[in-house]
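In the numbering used here, the protein residues as written are 35 to 324.
For each residue, glycine too, the CB sits at the ideal point set by N, CA and C.
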Ligand SMILES: Cc1cc2nc3c(=O)[nH]c(=O)nc-3n(C[C@H](O)[C@H](O)[C@H](O)COP(=O)(O)OP(=O)(O)OC[C@H]3O[C@@H](n4cnc5c(N)ncnc54)[C@H](O)[C@@H]3O)c2cc1C
């Protein structure tokens with residue numbers, strides 16, 4: 035049984051490598067350089083979440099510091115994207131705030147943009163509060179908001195009123211139907227509603243989706259409203275679409291995760307697309323044929 039689990043994990047890692055730059059910072063920076071060479075920006079995320087002790091949190095901050103200071107050296111237009119539970123929210127909000135303050139100090143010295151990823155709904159209130167606490171001190175700061183949550187339209191209205199920089203995503207976490215839209219149609223409709231609001235009332239935002247219909251809607255909206263925004267796509271997903279968007283003159287960023295803690299991220303990516311599970315299953319069977 036243990037052997038089968040290990041074998042599956044090893045196999046899944048091979049499959050997951052399409053979405054992950056590699057194990058360490060150098061791998062992430064190579065991917066960032068590659069994106070930059072192709073006219074795109076890079077948003078780097080060190081994999082890891084729900085840290086409950088100080089040691090992994092401190093190591094994470096040191097690594098993000100190194101990334102921040104490497105961007106200039108590597109001549110890459112880059113940002114970092116950090117999960118609150120990666121740097122302390124699973125301990126308490128003060129630890130998390132202190133960690134982000136350290137990151138923001140380094141980021142402001144190097145003029146690097148910092149994104150706050152949004153995790154499952156139990157952290158939404160604290161993450162938005164964290165954003166408000168930090169945004170008053172550092173403006174090159176953005177927050178992800180999930181279209182699958184019913185509350186998000188109100189959150190976005192409030193955030194826009196404060197001049198916030200928002201990344202709109204569909205939402206990667208399983209949520210209860212009481213607080214979340216459950217069908218794809220409802221989530222897409224809410225994404226569109228929020229996107230329209232961003233184009234109308236906000237400036238400097240990220241449209242983070244691989245959905246062609248929503249990307250086309252964003253392109254149409256961008257013709258009506260002259261706003262500073264970028265498309266953000268995950269490394270290894272819709273790679274053929276990215277050069278098209280660059281060619282049309284849009285800013286495109288690759289979200290580049292790296293690190294050894296690849297399993298939760300990869301499972302979220304697998305769940306998003308039934309075809310990925312099918313591909314994983316069939317290549318597993320192929321490789322174990324006698
Ligand atoms: C830059 C970026 C940052 C993100 N940050 C967050 C965050 O902070 N919090 C959060 O909850 N979520 C985040 N997400 C994930 C997001 O919430 C969705 O889970 C994810 O993007 C899939 O939704 P989609 O918009 O691409 O649409 P979907 O409806 O899932 O997919 C639309 C189409 O895109 C293609 N596609 C989508 N996913 C894949 C894949 N894995 N492999 C191959 N093709 C695929 C398929 O053609 C699919 O039909 C982020 C996503 C991006 C791109």
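| Asked | Found |
| --- | --- |
| Proximal residues to residue 290 (C-beta, below 8 Å), its chain only, five neighbours per side dropped | 55, 62, 65, 66, 69, 76, 77, 78, 79 and 269 |
| Own chain residues within Cβ distance below 8 Å of residue 221, not counting five before or after | 181, 182, 204, 205 and 215 |
| Other residues of its chain near residue 207: CB distance less than 6 Å, five sequence neighbours each side excluded | 154 |
| Limits of the unbroken beta strand (DSSP E) element including residue 266 | 263–268 |
| The segment 82–102 touching the segment 113–127, judged by at least three CB pairs closer than 8 Å | yes |
| Residue 237 versus residue 229: straight-line alpha-carbon distance, rounded | 11 Å |
| Residue 48 (DSSP reduced to helix, strand or coil) | helix |
| Distance, residue 39 Cα to residue 323 Cα | At residue 323, the pLDDT of 48 sits below 50, so the modelled position is not reliable; the number obtained from the coordinates is stated separately. If you take the alpha carbons of residue 323 and residue 39, they lie about 18 Å apart. |
| CB-CB length for residue 271 against residue 279, believed under 8 Å | Not really, about 13 Å apart at Cβ, beyond 8 Å. |
| For residue 299, three-class secondary structure by DSSP | helix |
| Whether residue 239 touches residue 201 by CB criterion (8 Å) | yes |
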